[in-house]
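Chains as they are written, first to last, in our numbering: chain A, 1 to 258; chain B, 259 to 467. Right, one structure below, let's go through it.
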Amino acid sequence: MICDVDPKWLDAYADESCTPEERDGIEGHLLVCASCAAETLSRMAAKRAMRIAATCFSPSAEFQERVEESLRAEMVSGKSFWAKVNPLRSFTWMAQGIAVAVALILVVASTALWTVHLRHQQALAELLDIHVATTASANPVDVLSTDRHTVKPWFQGKLPYAFNLPELQDTPFKLIGGKLVYFRHTAGAQLVFVMGKHEISVFIFQDQPGMFVTAGTAREKGFSAESWSEGGMRFTVLGDTSAADIHQLADLLRAAAR
Amino acid sequence: MGNQTGNTGSFEQLALPHFASLYNFACWLTQDRAAAEDLVQEAFLKALKGFSSYQQGSNFRAWIYKILRNTFLTTRAGLKATADLSLDSDEFAQEPVAGVGTETGLDPNTQTRRAQTPETILFARVEQETIQRALEELPVHFREIILFCDLEEMSYHEISLTIGIPLGTVMSRLSRARKAMRELLATPPLSRLDEEPDSRAEARIERPS
C-alpha cells in the first residue's frame, strides 16, 4: 500500500515534536495505515539504536572536579570585592571607611580653618602693632589734617588706588590725618581718627590673597577690629574703643565708598 | 522526551546535571577527548559569565547547549564545519553533500539501495560501532542535529532555539541528516575507508570498548 502522508510528519511524531492536534491526527492515521505504522516503528527503533550507540563518552571524575573547581574560582574572582565578603562585614567596612574619610576631611578642613584663623590673628596683631606704634609716635601721621579733602589727595601718586573718606560732621569721630604704611610688602593707607580720647586707625590696602585679614569683627588685647572688603580694597578699622564704635565708623566708611 | 523548559535555580544547580551529556555531545562534535574537555570547560565558564543574561524559567538546556555549540563553532574544527554548512545550505537541499556523495553524499547506486531498505532492518543489522562510525563520518551540522534529536531527545522547537534556525529548517535538515546516515550505514565501511583512508583514520575518536 502506498501512502501519500509526508514522511516528515512521521518523523515529527517519532521525535515527539507534534502539537497535540497533530499527534491525534497522526495516531488516527496510523490506526488505519499499516505502511505508516511500520515506518513510524522503524523510526522509533532507529532513534533508540542511535541513542544507545551515541551514548558512549563519559567525563572522568577528575575532569568534572576540575571544571567545578574552575567554576568556583571564577565565581569568587568574578564578583566584586565587596560582594565577595560577608555583606554585613562589607557594610561595617564601608561604614568604617566612610567614617575615616569624613574624619580625615574634618581634620583637614579644621586644620585649614585654624591656619586661616591663626594667620588672620597674626595679621590683626601686626596691624595692631602698627596702630600702637603710630599712636605712640610723636609724629603719628604724615599728613596732619582734619579735612578729608586734604588727606585724601595727599595719597594720590603714592598708592595705586583711591578711596573716599566720609563726612564726619555730626559724628563722634574726628579725622587726625594719615600716612603711608607697609603691611606684608604692600603699601597702604593708615588713617587716624579719634573719638573722644580713643584713637582709631583705618587701614586701607589692595585686597589680595596674601593679606590674611578676613572679614568680620575681632577683639584682641582690649582692642576691637572690623574688617571688610569692598571695591577691591580691604578695609580694617581698629582701635581701643568698643566694637559698636568701631562698627559705626566702619559704616561711615562703607557709605563713603559707595 | 526531555522537555527542559521552566528552569530556575543557581548556575551550578542548573548546569551540572547536564555535565555528562554535554561532554558526550562535545566528544561527538570535536571527535577528540582533549578538545572535548577544553570545549566543555570553556563553555561552562562562558555560561557562568553570561548567566545573568539567562532568563530564569526559560529553557536552560537549550541555552547551555547553544553556548557549547557556539563555542565549538569558533574553534578550527567548528569553523571548518561552518564552511561546509555554507556550501550545503538548507536552501539547496538537493545539492550533493561535500564528502559524502550525491543528494546526501553517497553514490547513486547506494542511494537506490538505501531508499529500498527499511530503517528497522538497517539499524537492527548493524552493530553499535558501525552506527558510531557512520555518525563520525557525517558532516558536523548533520551529526549535531541527529544528536540533539535522538540522543538529547530535544523537540524540534528546542533544536530550533539551540541552533538558531527556523523550525522548518530543523525538519528538513534532520530529514537529510537521517538520509545521509542511512546511506552511510548501507555502505560497507571498508569501501568508505578505501575512498579517504587518511581523513577517516584521523577523524576517528577512541571510544571505550
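Each residue gets a CB set at the ideal place from its N, CA and C atoms; glycine is no exception. Just so you know, these numbers come straight off a predicted model, no measurement behind them.
- Bounds of any alpha helix (DSSP H) do not take in B:MET412, whose DSSP letter is neither H nor E.
- Annotation: A:GLY222 to A:MET195 spans about 16 Å, alpha carbon to alpha carbon.
- Between the stretch 55-68 of chain A and the stretch 424-431 of chain B, the count of C-beta pairs closer than 8 Å stays below three; the two stretches do not touch.
- In this chain, the beta strand (DSSP E) harbouring A:GLN190 covers 186-195.
- Between A:GLY231 and A:SER201, the C-beta gap is not smaller than 8 Å, which leaves the two residues out of contact.
- Contact fails between the stretch 265-281 of chain B and the stretch 37-51 of chain A, because fewer than three Cβ pairs, one in each stretch, are under 8 Å apart.
- Note that the stretch 151-161 of chain A does not touch the stretch 125-134 of chain A; fewer than 3 beta-carbon pairs, one per stretch, sit closer than 8 Å.
- Contact between the stretch 166-183 of chain A and the stretch 139-158 of chain A is present: three or more C-beta pairs spanning the two stretches fall below 8 Å.
- Checking the DSSP bridge columns, you'll see A:GLY178 partnered with A:VAL143, A:LEU191.
- By the 16-neighbour rule on beta-carbons within 10 angstroms, A:THR241 is buried.
- In its chain, beyond the 5 residues on either side, ILE26, CYS36, GLU39, THR40, ARG43 have a beta carbon closer than 8 Å to the beta carbon of A:LEU10.
- For the stretch 281-293 of chain B, the set of positions with a beta-carbon nearer than 7 Å to some beta-carbon of chain A reads TYR281, ASN282, CYS285, TRP286 in chain order.
- The Cβ atoms of B:VAL298 and B:ALA339 lie no closer than 8 Å to each other.
- Ranked by Cα distance from A:GLN156, the options A:ALA73, A:TRP114, A:GLY188 are led by A:GLY188.
- Looking at the DSSP output, A:GLU226 sits in a beta bridge with A:THR217, A:VAL237.
- Taking C-beta separations shorter than 8 Å and ignoring five residues to either side along the sequence, the partners of B:PHE400 in its chain run VAL355, ARG431, ARG434, ALA435, ALA438, MET439, following chain order.
- Rounded to the nearest angstrom, the Cβ distance from B:LEU393 to A:THR55 is 12 Å, too far for a contact under 8 Å.
- Counted as a single uninterrupted DSSP element, the alpha helix (DSSP H) harbouring B:VAL428 occupies residues 425-444.
- Classified as buried, B:SER418 has 16 or more neighbouring CB atoms from the shown chains inside 10 Å of its CB.
- One Cα belongs to A:VAL108, the other to A:SER77, and the distance between them is close to 37 Å.
- A:GLU167 carries a coil assignment under DSSP once its states are collapsed to helix, strand and coil.
- For A:LEU30, the number of other beta carbons within 10 angstroms of its own is at least 16, and it is reported as buried.
- A:LEU249 and A:PHE205 have their C-alpha atoms some 17 Å from each other.
- DSSP places A:VAL5 outside both helix and strand once states are collapsed to three, so it counts as coil.
- Among the bridge pairs identified by DSSP, A:SER201 is matched with A:VAL192, A:LEU238.
- Each of A:LYS197, A:SER110, A:GLU167, A:ALA244 was checked against the Cα of A:ALA255, and the nearest Cα belongs to A:GLU167.
- In the three-state reduction of the DSSP assignment, A:PHE155 falls in the coil class, being assigned neither a helical nor a strand state.
- For A:PRO59, there is no enclosing alpha helix (DSSP H), as DSSP marks it with neither H nor E.
- Listed along chain A, the residues sitting closer than 7 Å to B:GLN299 by beta-carbon distance are VAL67, SER70.
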